[in-house]
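This report concerns only the one structure given below.
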Amino acid sequence: MGEDEIVIFGKSLGGGVACEIARDKGFKALVLESTFTSLSSVARKLFPFLPKGVPLGETYDSISKIGRARCPVMIIHGDRDELIPLEEGISLYEAAPQAKELYVVPGAGHNDVSMAAGPEYVRRIASFLAGR
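Going by the numbering used here, the residue at position 124 of the sequence shown is 106; the numbering climbs one at a time, nothing skipped.
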């Protein structure tokens, strides 16, 4: 199996890992669900009382890595995500340089995207991948 046959899928924190894996690689596609631009961006939103610049260890700076993906990118995000705001997914979509698709799931929170989308979830991903 060649690199161009592999789909990298990352959800939430796994999206940061997926962006690292996809950096400078020619995979078939990178699919990110409910993912953030960086850990520090989300930490500021979830914990506004933390002083700016508190070291967080690994930053999972997906916003700087996604631009180096050499494959099509699909961003999936619920419009009611209570943990990672939709704006984070939109920012990742805007930063992706390749063929890309944004799939916003109406009524979906952080952990119920596929359930809220129902059969449309699989259809949209399959359609995206079929075009690659």
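Where a beta carbon is used, it is the ideal one built from N, C-alpha and C, also for glycine.
For residue i, the nearest candidate out of the options (CA to CA)
i	options	result
Glu83	Glu15, Ser(-6), Gly(-4) and Lys(-7)	Glu15
Val86	Ala78, Phe(-9), Pro79 and Leu68	Leu68
Met97	Ser109, Ile58, Ile72 and Val(-11)	Ile58
Ile48	His92, Pro30, Val(-1) and Lys27	Val(-1)
Leu74	Ser(-6), Asn93, Asp94 and Val104	Ser(-6)
Asp63	Leu111, Leu12, Arg5 and Val24	Val24
Gly(-3)	His92, Val13, Ser46 and Val104	Val13
Asp94	Ile72, Ile66 and Ile(-12)	Ile66
Pro79	His92, Ser46 and Leu111	Ser46
Sheet register partners of residue i (DSSP bridge)
i	result
Glu15	Lys(-7) and Ile58
Lys10	BP columns for Lys10 are empty, so no partner.
Tyr85	Ile58
Ala52	Sequence check: residue 52 is Arg here, not Ala. Looking at the DSSP assignment, Arg52 forms no beta bridge with any residue, so it has no partner.
Arg26	DSSP lists no partner for Arg26.
Residue i vs residue j beta-carbon contact at 9 Å
i	j	result
Lys10	Arg52	no
Asp(-14)	Thr19	no
Ala108	Ala99	no
Pro54	Gly113	yes
Proximity test, residue i beta-carbon vs the ligand SAM heavy atom, cut-off 8 Å
i	result
Lys82	This structure does not include the ligand SAM; it has no bound ligands of any sort.
Same chain, Cβ closer than 7 Å to residue i, five either side skipped, listed in chain order
i	result
Pro88	Asp61
Ile3	Ile(-10)
Arg106	Tyr85
Endpoints, the alpha helix (DSSP H) within which residue i is located
i	result
Tyr103	Pro101 to Ala112
Glu138	The structure shown has nothing for residue 138, since the chain only spans -17 to 114.
Ser46	Ser44 to Lys47
Proximity test, Cβ basis, 9 Å: residue i and chain B
i	result
Lys(-7)	Absent here is chain B; the protein component of the structure consists of one chain.
Sequence-distant residues of the same chain with beta carbon closer than 6 Å to residue i, five excluded per side
i	result
Arg50	Arg5 and Asp6
Glu70	Phe18 and Thr19
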